[in-house]
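Engineer:
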Amino acid sequence: MSGLHNLLAHEVVEGIKEGLFTAEEYVSSVIKTIEDVESKLNSFITLDTERALSSAKLIDRKIKENEDIGYLGGVAVGIKDNISTKDIRTTCASKMLEDYVPSYDATVIRNLKQNGAIILGKLNLDEFGMGSTTEYSRYHPTHNPWNLDYVPGGSSGGCGAAVAAGECTVSLGSDTGGSIRCPASFCSVVGLKPTYGRVSRYGLISYANSLEQIGPICRSVKDIVLLMNIISGKDNSDNTSMSSSPITINNELNKFDIAIVKELINGGDHGVKGTIYSTSDKFKEIGCTCDEISIKNLHYALPSYYTLASAEASSNLARYDNIRYGFDLPIEEYKWDTYFSNVRKNFGEEVKRRILIGSYVLSSGYYSKYYLKARSLRSLLKLELLNLFKKYDLLIGPTMPILPFKFGEKIDDPIKMYLIDINTVIANLAGIPAISLPVGFSNGLPIGLQMMAAPFEEQKLIDVSYALENTINIQRRPSLT
């Protein structure tokens, strides 16, 4: 049966349960899509199609025996390659971990499997999640399915491209400073960064612990809800995780007060600005109010983020010494006076740059000048945002201030590359939830709307996103034929 790879996750589960098609037929359709387009996209680092087909057959046996198949029974899921998967290689797109096969599943993976999800393989990213284009991957860059000459965003670029192209129905990524929302925007799919602590980080290979969260990338808001209710919750393996109320799909929308943040939209691409302002008119159509506001401390966000993220990265990546963790080479191959400098050669240039920045801001002469000041500015920004949420339900702006761009356009200028994240790092610094929803195109390239809410107010994001999704008719699937 052809075309099954085009189905949404909730449609797949319903179709399998109702006997409209088998899980094996559906997974075979997804694998056929991978065979057709993967050579153009390079979304995956590791594929596990044989095990995926075996899992699909198990789902079909459960259906025949009237057993429960779970809330994601049969759905093909792609996993960002910095989330631990038992018996499936997990590389972080780095030479340092190119042969690492975890002996355990991350908590989110265990939750997916318990609900019948089928893991297709591991998706490409910028090395250790440090980047916004996948150009920093050790293996290959991933291409944007809307235009193969353009970047898909990052660091979860493989997740966004694969979902948009039908190489998997949904995916799990991680978001440290926009790594779910950036590719969601650039690939015209939906991506949610949850509240810090809503989803367990156990099994996520660390980059910046105080900033990162695991979250879903899907083709519909309804599928976002489906995945969030499976991966959320308190986990004894992660002391930062917390219990939270389930999210629901509501057909009736409450009147919400929404604010466009001027700083997020000013200075952006002309096509992006026009699309976001026209989308803001839709809020009135669905019964919401929409003001325009300014955030006083927003200009501190990007320097604070890169100071803190780099500091945490330098600490986390110090464990990769090829003795405890890292690329497995015999110690006798190295002279001790050059051992650690040789080990660091297994990191890519961007990772080494951030380790250097982090080591600098943590050094004794600069700790208070940079690191402590960044922490203070983070607290100021968070306090200002929380005060705004006393008046407004959502703060909005473009997910990305620019359109997707061509490969090589920014990679030689780290400052230009870092500026890409200017709209997204806010949510990570404040620990608040944020969603990217596709709202249009300019010159054939996708544009995403970012909405942010107070901590654990994902329900508000979903309510408005679902209403907008039904109001704005956006093409969901690029043509790769």
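Numbering of the sequence shown is given in this note's numbering, commencing with residue 23 and proceeding in unit increments.
The C-beta atom is built at its ideal place from N, Cα and C for all residues, glycine as well.
1) Since Lys39 is in the beta strand (DSSP E), which residue starts that stretch and which ends it?
2) Got a sec? Which residues, its chain only, sit under 6 Å from Ser228 by beta carbon, not counting five neighbours each side?
3) State the Cα-Cα distance for the pair Phe43 and Gly37, rounded to the nearest angstrom.
4) Please check the pair Ser50 and Val294, which I expect to be a contact at CB under 8 Å, by giving their CB distance rounded to whole angstroms.
5) How would you call Ile53, buried or exposed, if buried means at least 16 neighbouring beta carbons within 10 angstroms?
6) Helix, strand or coil, according to DSSP, for Asp279 in the structure here?
7) Taking buried to mean at least 16 other C-beta atoms within 10 Å of its own C-beta, is Gln472 buried or exposed?
8) In three-state DSSP terms, what is Cys312?
9) Assign Lys428 to one of three DSSP states: helix, strand, or coil.
10) Which residues in the same chain have their Cβ closer than 7 Å to the Cβ of Ile444, if we skip the five residues on either side of it in sequence?
11) Could you check what DSSP says for Tyr172 in three-state terms: helix, strand or coil?
12) Quick check on the DSSP output: the alpha helix (DSSP H) that includes Cys181 runs from which residue to which?
13) Can you list, in chain order, the residues of its chain whose CB lies under 7 Å from that of Ile454, leaving out five sequence neighbours each side?
14) How many Å lie between Ser201 and Gly153 at the Cα?
15) Near Lys482, what residues of its chain come up, given a Cβ to Cβ distance below 7 Å and the 5 sequence neighbours on each side ignored?
16) From this set, Gly25, Glu47, Ser196, which residue's C-alpha is nearest Glu149's C-alpha?
17) What is the residue span of the beta strand (DSSP E) that Ala456 lies within?
18) Give every residue of the same chain whose Cβ lies closer than 6 Å to the Cβ of Ile379, excluding the five residues on either side of it in the sequence, and list them in chain order.
19) For the candidate residues Leu30, Ala78, Ile101, Glu479, whose alpha-carbon lies nearest to that of Ile269?
20) At a cut-off of 7 Å, is Lys62 close to the ligand ATP when judged by its beta-carbon and the heavy atoms of the ligand?
21) Just to confirm, are Asp70 and Ile110 a CB contact at a threshold of 8 Å?
22) Judging by CA-CA distance, which residue of Ser385, Val221, Ser300 is the nearest neighbour of Ser263?
23) Helix, strand or coil: how does DSSP classify Asp103 here?
24) Hey, Leu275 and Val486 are a contact pair by Cβ (cut 8 Å); roughly how many whole angstroms apart?
25) On the criterion of 16 or more Cβ atoms from any shown chain inside 10 Å, does His292 qualify as buried, or is it exposed?
26) Quick one, which of Arg83, Gly138, Lys79, Pro124 has its alpha-carbon nearest Ile91's?
27) Which full runs of the alpha helix (DSSP H) of 4+ residues lie inside the region 88 to 168, going along the chain?
28) Could you name the residues of the same chain whose beta carbon sits closer than 7 Å to that of Ser125, not counting the 5 residues immediately before and after it, in chain order?
29) Determine the direct distance from the alpha carbon of Lys374 to that of Pro436, and round the result to whole angstroms.
30) To which residues of the same chain is Val35 closer than 6 Å at the C-beta, ignoring the five residues directly before and after it?
31) With C-beta atoms as the reference, is Ser381 less than 8 Å away from Ser326?
32) Distance, Cα to Cα, Tyr224 vs Pro167?
33) Within 10 Å of its beta-carbon, does Leu403 have 16 or more other beta-carbons around it, so buried, or fewer, so exposed?
34) Which class does Thr68 belong to by DSSP, given the choice of helix, strand or coil?
35) Report the partner residues of Val221 according to the DSSP bridge assignment.
36) So what does DSSP say about Gly195, is it helix, strand or coil?
Structural biologist: The short version:
1) Within the sequence shown, residue 39 is the residue found at index 17, counting from 1. Unbroken run through Lys39 is the alpha helix (DSSP H), 31 to 39; no beta strand (DSSP E).
2) The residue labelled residue 228 in the question sits at position 206 within the sequence shown. Once the five neighbours on either side are set aside, the close Cβ partners of Ser228 are Asn338.
3) Within the sequence shown, numbered from 1, the residue matching residue 43 stands at position 21. Within the sequence shown, numbered from 1, the residue matching residue 37 stands at position 15. Each residue's Cα considered, the two are about 6 Å apart.
4) Counted from its first residue, the sequence shown places residue 50 at position 28. Counted from its first residue, the sequence shown places residue 294 at position 272. In fact, because the Cβ distance is near 39 Å, the residues do not count as touching under 8 Å.
5) Start at 1 with the first residue of the sequence shown, and residue 53 comes out as number 31. With 16 or more other Cβ atoms within 10 Å, it is buried.
6) The residue you call residue 279 lines up with position 257 of the sequence shown. Residue state, collapsed to three classes: strand.
7) The count along the sequence shown starts at 1 and reaches residue 472 at position 450. Gln472 is buried by the Cβ-count criterion.
8) Against the sequence shown, residue 312 aligns to sequence position 290. Looking at Cys312 - three-state DSSP - the assignment turns out to be strand.
9) Numbered from its first residue, the sequence shown carries residue 428 at position 406. Lys428: strand per DSSP, three-state reduction.
10) As a first step, residue 444 is located in the sequence shown; it is residue number 422 there, counting from the start. Only Leu324, Pro423 meet the Cβ criterion.
11) Within the sequence shown, the letter at position 150 stands for residue 172. Here Tyr172 sits in strand by DSSP.
12) As a first step, residue 181 is located in the sequence shown; it is residue number 159 there, counting from the start. Note, Cys181: alpha helix (DSSP H), 179 to 187.
13) In the sequence shown, residue 454 corresponds to position 432, counting from 1. Thr217, Leu407, Met474, Ala475, Ala476, Pro477, listed in sequence order.
14) Your numbering for residue 201 matches position 179 in the sequence shown. Your numbering for residue 153 matches position 131 in the sequence shown. Spanning the two alpha carbons is a distance of roughly 8 Å.
15) Here residue 482 refers to the residue found at position 460 when the sequence shown is read from its first residue. Closer than 7 Å at the Cβ level, and outside the excluded window around Lys482, lie Phe278, Asp415, Leu416, Ala475.
16) What you label residue 149 is simply residue 127 of the sequence shown in a count that begins at 1. Cα-wise, what sits closest to Glu149 is Ser196.
17) Stepping through the sequence shown from its first residue, residue 456 is reached at position 434. That run of the beta strand (DSSP E) goes 456 to 464.
18) By one-based count along the sequence shown, residue 379 stands at place 357. Closer than 6 Å at Cβ, skipping near neighbours: Ser332.
19) Working through the sequence shown from its first residue, we reach residue 269 at position 247. Nearest C-alpha to Ile269: Glu479.
20) The ligand content of the structure shown is nil, which means the ligand ATP is not present either.
21) As a position in the sequence shown, residue 70 is number 48, starting the count at 1. As a position in the sequence shown, residue 110 is number 88, starting the count at 1. Yes, they are a contact pair.
22) Counted from its first residue, the sequence shown places residue 263 at position 241. Of Ser385, Val221, Ser300, the residue nearest in Cα terms is Val221.
23) Taking the sequence shown and counting its residues from 1, the one referred to as residue 103 is at position 81. Correct three-state label for Asp103: coil.
24) Translated into positions along the sequence shown, residue 275 becomes position 253. Translated into positions along the sequence shown, residue 486 becomes position 464. Contact flag correct, Cβ pair sits at about 7 Å.
25) The count along the sequence shown starts at 1 and reaches residue 292 at position 270. Its Cβ having fewer than 16 others within 10 Å, His292 is exposed.
26) Your numbering for residue 91 matches position 69 in the sequence shown. For the residues Arg83, Gly138, Lys79, Pro124, the minimum Cα distance to Ile91 belongs to Gly138.
27) 129 to 136
28) Walking along the sequence shown from the start, residue 125 turns up at place 103. Closer than 7 Å at Cβ, skipping near neighbours: Lys108.
29) Here residue 436 corresponds to residue number 414 of the sequence shown, with the count starting at 1. Here residue 374 corresponds to residue number 352 of the sequence shown, with the count starting at 1. Approximately 13 Å, taken between the alpha carbons.
30) Residue numbering aside, residue 35 sits at position 13 when the sequence shown is read from its first letter. Within the same chain, Val35 has close Cβ partners Gly95.
31) Taking the sequence shown and counting its residues from 1, the one referred to as residue 381 is at position 359. Taking the sequence shown and counting its residues from 1, the one referred to as residue 326 is at position 304. Cβ atoms of Ser381 and Ser326: not closer than 8 Å.
32) Numbered from 1 along the sequence shown, position 202 holds the residue referred to as residue 224. Numbered from 1 along the sequence shown, position 145 holds the residue referred to as residue 167. If I take the Cα positions, the gap works out to 31 Å.
33) Here residue 403 refers to the residue found at position 381 when the sequence shown is read from its first residue. Buried.
34) Taking the sequence shown and counting its residues from 1, the one referred to as residue 68 is at position 46. Correct three-state label for Thr68: strand.
35) Along the sequence shown, read from residue 1 onward, the residue named residue 221 stands at position 199. In the DSSP output, where bridge partners are listed per residue, Val221 has Ser254.
36) Within the sequence shown, residue 195 is the residue found at index 173, counting from 1. Note: Gly195 maps to strand in three-state DSSP.
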